[in-house]
Each structure stands twice: as C-alpha cells, then as structure tokens.
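Okay, so here's the structure we're looking at.
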Amino acid sequence: MHKITVKVAKPYDVIVGDNLLKDCGKYITDIDKKVQKVLLVTETNVAPLYMDIAVSSLEAAGLEVVTFVFDAGEQSKNIETITKMLGLMAVNQFTRTDAVVALGGGVTTDMGGFAASIFLRGIKVYQMPTSLLAQVDASVGGKTGIDLKEGKNLVGAFHQPSLVLADTSLLKSLKPETFIEGMAEVIKMAFISDKKLYETLKTKVNQGSANLEDIVARCVELKAYVVEQDEKDNGLRQTLNFGHTIGHVIERNSNFTLSHGFAVAKGMMRISAKSPILPELEEMLKLYEFPYVDETSADDIIEGIMNDKKKRGSKITAALVNEIGSCELKTMTVEEFRDLL
Ligand code: GLY
9 MHKITVKVAK PYDVIVGDNL LKDCGKYITD IDKKVQKVLL VTETNVAPLY
59 MDIAVSSLEA AGLEVVTFVF DAGEQSKNIE TITKMLGLMA VNQFTRTDAV
109 VALGGGVTTD MGGFAASIFL RGIKVYQMPT SLLAQVDASV GGKTGIDLKE
159 GKNLVGAFHQ PSLVLADTSL LKSLKPETFI EGMAEVIKMA FISDKKLYET
209 LKTKVNQGSA NLEDIVARCV ELKAYVVEQD EKDNGLRQTL NFGHTIGHVI
259 ERNSNFTLSH GFAVAKGMMR ISAKSPILPE LEEMLKLYEF PYVDETSADD
309 IIEGIMNDKK KRGSKITAAL VNEIGSCELK TMTVEEFRDL L
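Mapping the sequence shown onto this note's numbering, position 231 (from 1) lands on 239, and the numbers just tick up by one.
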C-alpha cells in the first residue's frame with residue numbers, strides 16, 4: 009500500500025493499494041467526524057460490480073447513504089445530470105458537513121467533484137476511482153466539471169477531494185480497452201516527467217502485473233508534485249496536457265465514439281510529429297496496441313483547438329516533449345502550431 013499526501017492548501021491523502029473499497033466507510037469516518045450522509049455517485053457499468061461493496065462499507069461506518077446512478081458514458085457528463093444530483097441532495101436535506109462519494113471512472117469523479125463543489129457553495133468529496141485513468145489522473149488534483157455541447161470540460165471548478173482511495177484490485181475487472189485507455193495517461197506521465205517510468209513501461213504492463221500498484225502510485229506522486237506547484241493550472245500543470253489539446257479535438261470530432269485515452273494517444277503522436285522522441289513514442293503506443301494513426305486535417309485540428317478552453321487568447325500553448333522525461337510549454341501563433349503537425 010502507498011500513501012501520497014497532496015500538499016495543497018488543505019492537504020489530503022491518496023491511498024493506493026489492493027482491497028481498499030471494502031473499507032471506504034472507515035477511511036472516511038476516520039478523518040471526518042462530522043459527516044452523517046453521503047451521496048454515492050456512480051454509473052451503470054460500475055454499480056453492478058461495486059456499489060453494494062461501497063454501500064455496505066459506508067453504512068457499516070454509520071453513514072446514511074443516498075445513491076445516484078447515471079448512464080455510463082461521456083454523454084451523461086452534462087448539467088442535467090448535475091441538476092439531478094443536486095436535487096437529490098436537497099430533497100434528502102444534506103448539510104454542509106455531508107459529502108459526495110464518487111465511485112467510478114473519470115466522468116464520475118469529474119461530475120461527483122463538481123456537484124460537491126457547488127452544493128451549498130461546496131461540500132466535501134471523497135474520490136473512489138475505479139478505472140486506471142481515474143486512479144492516475146482524473147481523481148487527483150481537484151479538477152472537476154462537465155461538458156457543454158460546444159466542448160469538453162468547459163464548465164467546472166477546482167475542488168480538491170478530502171481523500172482519494174485508488175483500489176488497484178478493481179483494475180483487474182476492467183474491460184481490456186478501458187485498462188489500455190488508462191495506459192495512455194501512464195505513458196503520458198512517463199514521457200513528460202519520468203524516464204525511469206518509461207523504461208519500466210517498456211516491459212508490457214497488464215491488468216495482472218505485479219508492479220501495477222507501484223506504477224499507479226508513481227503516477228500519483230508525479231501528478232501530486234505538479235498540482236502542488238501549480239494547483240490552478242497557470243503553468244507547470246499545463247504539461248499534463250501533452251497530447252490532450254489535439255486529443256480533445258479528435259475525441260470530439262469522433263462524437264465521443266473514440267474514448268479519451270485513445271484520443272490522447274493519437275494527440276501525443278500528432279503533437280510529436282517533428283520531435284526526436286517520435287520513434288520511441290510510436291514504439292510504446294504499438295506495444296500497448298493503441299491505434300495511433302490519425303488523419304484529422306491540420307485545418308480541422310486548428311479549428312477544434314480554437315473552441316477549446318485550453319487556448320488562451322489568439323495563441324496556443326503547446327506541451328512538447330523533445331526528450332523523454334521532460335516537457336516544455338511553448339506559446340505560439342496558430343501558424344507556428346500548424347508547422348508542428
Ligand atoms: N488532467 C489534467 C489535470 O489534472 O490538470
């Protein structure tokens with residue numbers, strides 16, 4: 009088991025290890041003596057597998073549990089779903105000391121966190137990520153939000169969790185493509201900040217790998233460091249966008265039929281087209297069986313980016329990797345960006 013403390017204004021722990029979910033109630037009540045009710049937010053794929061385990065544990069710890077299950081998928085990540093969660097908390101007379109528990113992948117952790125950030129001007133959220141992507145990225149660092157039809161994550165808030173429980177035993181039951189999707193974020197972390205992790209990943213990691221817990225914990229450590237330096241995403245944190253600026257466009261242009269991690273893999277390739285690390289990146293994405301060839305035209309990429317919230321003013325800040333293990337942010341004109349593709 010690993011414990012990583014994210015040292016932001018209100019520090020919190022990310023616990024990474026096997027078989028944590030069955031004790032989630034105790035983990036919460038050990039650090040929170042005031043909470044009485046929780047809204048357990050989850051989705052239709054995760055609920056049949058893990059909702060009962062979570063509810064039993066929360067109830068055994070003396071908590072009243074209200075459950076909210078939404079249709080799995082990015083198409084649910086909208087204001088209507090949030091309104092339903094807020095209504096449910098209001099009807100059940102949640103107070104400022106009650107909390108949201110988000111049990112699921114990135115869509116769930118983003119939405120659970122966002123509902124918590126605005127209900128009664130902010131209540132606590134406990135993140136229980138069940139996917140690799142959510143364990144290594146989405147659940148840590150306090151970014152929460154929803155999509156608009158105009159773009160992904162256009163509405164949201166920074167709202168740090170009070171605790172993250174990354175139960176790595178849950179990763180064994182993921183559909184293989186969901187696991188691989190998360191590997192895109194792990195590969196991203198290695199390329200932007202940790203050459204040693206890159207070397208580790210060259211031996212293919214799978215759902216049963218003995219070093220999976222260590223890899224998740226390493227990614228959390230790397231992300232915690234970035235968030236501690238730049239909680240509000242004004243500088244260093246933008247390095248986490250390697251492959252994402254273009255990836256978001258590819259994801260949206262596919263009408264979300266291509267999931268986030270797969271789009272990010274393609275995005276990393278496109279933004280690295282002229283980088284010396286391209287052969288190593290291609291080799292790594294091949295090893296994990298990512299379809300990484302992308303034929304979106306430069307015009308469509310530029311147009312999509314102009315609608316993306318990560319563009320500031322008329323310039324684009326690109327996260328570029330020219331050496332494995334380090335990432336450079338470069339703000340450039342649209343034409344300069346086009347030259348990279
Ligand atoms: N997922 C990128 C970030 O947390 O900044």
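We put the beta carbon where it would ideally sit given N, CA and C, even for glycine.
Near the ligand GLY: residue i beta-carbon under 6 angstroms from a heavy atom
i	result
Gly149	yes
Asp145	yes
Leu348	no
Leu48	no
Leu248	yes
Arg245	yes
Interface flag, residue i vs chain C, CB-CB below 7 angstroms
i	result
Phe199	The displayed structure is made up of one protein chain only, and chain C is not part of it.
Bounding residues of the alpha helix (DSSP H) (the contiguous stretch that carries residue i)
i	result
Thr99	It should be pointed out that residue 99 corresponds to Val in this sequence rather than to Thr. Run containing Val99: 87-99, per the alpha helix (DSSP H) assignment.
Glu311	306-314
Ile285	Looking at the DSSP string, Ile285 is not in any alpha helix (DSSP H), and its letter there is neither H nor E.
Phe270	268-279
Ala123	114-126
Leu349	Note, Leu349: premise wrong, no alpha helix (DSSP H); not H, not E.
Gly255	252-261
Those residues which DSSP pairs with residue i across a bridge
i	result
Ser147	Paired residues: none, contrary to the question.
Phe76	Val49
Glu336	Leu328
Thr103	Answer is none; Thr103 lacks a bridge partner.
Leu173	Ile23
Val109	Leu48, Tyr134
Thr247	DSSP, once it has assigned bridges, lists no residue as partnering Thr247.
Leu140	Answer is none; Leu140 lacks a bridge partner.
Gly81	DSSP output for Gly81 lists no bridge partner at all.
Leu156	Gly159
Beta-carbon separation (whole angstroms), residue i vs residue j, contact threshold 8 angstroms
i	j	result
Ser170	Lys132	5 angstroms
Gly216	Val257	In fact, because the Cβ distance is near 34 angstroms, the residues do not count as touching under 8 angstroms.
Phe122	Ala174	Not really, about 20 angstroms apart at Cβ, beyond 8 angstroms.
Val16	Val235	7 angstroms
Phe270	Ala146	Actually they are not in contact, since the Cβ atoms of Phe270 and Ala146 sit about 16 angstroms apart, beyond 8 angstroms.
Thr117	Pro137	6 angstroms
Residue range of the beta strand (DSSP E) that includes residue i
i	result
Glu331	324-331
Lys132	132-137
Lys160	159-166
If we require 3 or more residues per run, which beta strand (DSSP E) segments fall completely within the segment 176-245? none
Contained beta strand (DSSP E) runs [length at least 3] in the segment 10-72, N- to C-terminal order: 10-14, 20-25, 45-51
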